[in-house]
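For the sequence shown, the numbering used here begins at 1066 and goes up steadily by one. Ideal Cβ positions, reconstructed from N, Cα and C, are used throughout, including at glycine.
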Amino acid sequence: AAKDGGRGRFHFYSSDLHSAAEERSLLEQDLRDAIADGSLQLHYQPVVHTATERISGFEALLRWKHPQKGFISPGKFIPIAEDTGLIQPIGEWALRTACKDLAEWPDDIRCAVNVSPIQFSNPQLPAIITSAIAEAGIAPSRLELEITESVFLNNDEGTDAMFAALKGIGVRLALDDFGTGYSSLGYLKSAPFDKIKIDQSFVRGATEPGSRNGAIIASITSLAQALGMDTTAEGVETLDELDLVRMHGCSHIQGYIYEKPLQPDAATRLLGTGLTAVAKGPKSTRAPR
Ligand code: C2E
Ligand code: MG
Ligand code: MG
Ligand code: MG
1066 AAKDGGRGRF HFYSSDLHSA AEERSLLEQD LRDAIADGSL QLHYQPVVHT
1116 ATERISGFEA LLRWKHPQKG FISPGKFIPI AEDTGLIQPI GEWALRTACK
1166 DLAEWPDDIR CAVNVSPIQF SNPQLPAIIT SAIAEAGIAP SRLELEITES
1216 VFLNNDEGTD AMFAALKGIG VRLALDDFGT GYSSLGYLKS APFDKIKIDQ
1266 SFVRGATEPG SRNGAIIASI TSLAQALGMD TTAEGVETLD ELDLVRMHGC
1316 SHIQGYIYEK PLQPDAATRL LGTGLTAVAK GPKSTRAPR
């Protein structure tokens, strides 16, 4: 279609956009029902402590099994939820569900839950978290909130106050997808993060000759260490990548090399077999996506 003249091209994109908008509004309606009809789930991906190869916890990841369309990726429905405000009830459901599941697991297991910037700017968020923790009867330090740099876009007293309120509850805070956004060292100075998650785009390709990614990973981990923060390397898929992120000092590792995100009962079963994780990915070839 790109070879067509200007007009043909216009029509191509215009009808494309039209159907995308239509699909979006259909999905939005279904998403409204998704909490009530049980089609939302949390899957849990193990996070492994590098030095001991023990599972230190999980990251909770939303899954939506659409009644007709099957699994729809969070990359597709989270933006719709954010644009429509549905992320508030969905995010609250995720927090409450993760806390309930945590209550079933050993006390030294943590769980991380992703918190959208839209939730972060909701003044009710601390009250929601406090009640989710109390309802489940878990120690607040077992819950970790993953927050992306975009919460700093409109950095004001509200941002500082929210960080202070969340820290006051005693939950842990992780800076997600570090390095992909408007990364500023100023955030690390002022915001009380316990962990930096190194985005998988730095891990990808890091083992290729001439890649600068290894140097970047090494700098982030040494900075984090100096600031008393943990680091998780995200998206580790191969044994070579595992060696590399270990060598560069990442304290935690998450990726298909250990496990994909698991159904809750599979996560529980895995914990039952002992807390040791086994690397079982390919040496150097990445899984097809
Ligand atoms: P994220 O928080 O950075 O989560 C990590 C993503 O990397 C997940 O994708 C996970 O399945 C994927 N991943 C983990 N290991 C590997 C690996 O070795 N290779 C590859 N290729 N991918 C790996 P997922 O589950 O599709 O989630 C995508 C994003 O959707 C998340 O990125 C997060 O930003 C958002 N999301 C998911 N669940 C929630 C939620 O409950 N609330 C909010 N606000 N956002 C969520
Ligand atoms: Mg995350
Ligand atoms: Mg991430
Ligand atoms: Mg991400």
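Could you give the DSSP three-state label for residue i: helix, strand or coil?
i: Gly1122; result: strand
i: Ala1066; result: Note on Ala1066: pLDDT 37, under 50, position unreliable in the model; the coordinate value appears next. The answer is coil: DSSP assigns Ala1066 none of H, G, I, E or B.
i: Gly1073; result: Reliability of the predicted coordinates at Gly1073 is poor, the pLDDT of 47 falling under 50, and the value obtained from them is presented with this limitation in mind. Note: Gly1073 maps to helix in three-state DSSP.
i: Phe1136; result: strand
i: Cys1355; result: Lying before the first or after the last residue shown, residue 1355 is absent from the chain, which here runs from 1066 to 1354.
i: Tyr1321; result: coil
i: Glu1273; result: coil
i: Phe1243; result: strand
i: Pro1188; result: coil
i: Glu1211; result: strand
i: Asp1048; result: No information on residue 1048 is available, as it lies outside the stretch 1066 to 1354 that the chain covers here.
i: Gln1094; result: helix
i: Gln1110; result: strand
i: Leu1327; result: strand
i: Asp1295; result: strand
i: Thr1341; result: strand
i: Lys1232; result: helix
i: Lys1141; result: helix
i: Ile1100; result: coil
i: Ala1278; result: With the sequence shown as reference, residue 1278 is identified as Asn, and Ala is not the correct amino acid for it. Looking at Asn1278 - three-state DSSP - the assignment turns out to be helix.
i: Ala1199; result: helix
i: Gly1346; result: coil
i: Ser1084; result: helix
i: Leu1253; result: helix
Am I right that residue i and residue j are in contact with their C-beta atoms under 8 Å? What's the rounded C-beta distance?
i: Thr1245; j: Ser1266; result: 6 Å
i: Arg1269; j: Gly1320; result: 10 Å between Cβ atoms; not a contact.
i: Pro1182; j: Ser1138; result: Not confirmed; about 19 Å, so no contact.
i: Phe1185; j: Ile1212; result: 6 Å
i: Val1178; j: Ala1125; result: 5 Å
Give me the residue from the options with the minimum Cα distance to residue i.
i: Pro1144; options: Val1113, Gly1156 and Asp1305; result: Gly1156
i: Thr1117; options: Thr1350, Thr1213 and Ala1344; result: Ala1344
i: Gln1110; options: Ile1174, Gly1135 and Pro1347; result: Ile1174
i: Val1112; options: Met1227, Cys1176, Leu1190 and Phe1217; result: Cys1176
i: Ile1198; options: Ala1159, Thr1224, Phe1185 and Glu1222; result: Ala1159
i: Glu1306; options: Asp1102, Thr1115 and Ser1084; result: Thr1115
i: Pro1274; options: Ser1121, Ser1349, Gly1150 and Gly1103; result: Ser1349
i: Tyr1247; options: Leu1218, Arg1207, Thr1296 and Pro1326; result: Leu1218
i: Ile1281; options: Leu1309, Ser1084 and Ala1226; result: Leu1309
i: Lys1130; options: Gly1346, Gly1122 and Gly1103; result: Gly1103
i: Glu1222; options: Phe1243, Ile1193, Leu1091 and Pro1188; result: Pro1188
i: Lys1232; options: Thr1303, Ser1206, Gly1251 and Ser1249; result: Ser1206
i: Ser1284; options: Gly1293, Trp1170, Thr1224 and His1313; result: His1313
i: Leu1253; options: Met1294, Asp1264, Asn1278 and Ala1226; result: Met1294
i: Ala1146; options: Arg1089, Ala1291, Asp1172 and Pro1326; result: Arg1089
i: Tyr1154; options: Leu1288, Ala1101 and Asn1220; result: Looking at the sequence provided, one finds Pro at residue 1154 rather than Tyr. The option with the nearest alpha carbon to Pro1154 is Ala1101.
i: Cys1315; options: Thr1338, Gly1339, Glu1087 and Ile1263; result: Ile1263
i: Leu1288; options: Ser1121, Ser1249, Trp1170 and Thr1303; result: Ser1249
Going by DSSP, name the residue or residues bridged to residue i.
i: Leu1127; result: Leu1107
i: Asn1179; result: Glu1211
i: Arg1334; result: DSSP, once it has assigned bridges, lists no residue as partnering Arg1334.
i: Leu1304; result: DSSP, once it has assigned bridges, lists no residue as partnering Leu1304.
i: Arg1089; result: Arg1089 pairs with nothing; no bridge assigned.
i: Leu1238; result: Leu1210
| message | So, does the region 1307-1324 touch the region 1093-1108, judging by three or more C-beta pairs under 8 Å? | response | no
| task | Decide if the region 1230-1247 is in contact with the region 1257-1265; the criterion is three or more beta carbon pairs, one per stretch, under 8 Å apart. | result | yes
| Who sits around ligand 6, taking every residue whose Cβ is closer than 6 Å to one of its heavy atoms? | Ligand 6 is not part of this structure, which contains only ligand 1, ligand 2, ligand 3 and ligand 4.
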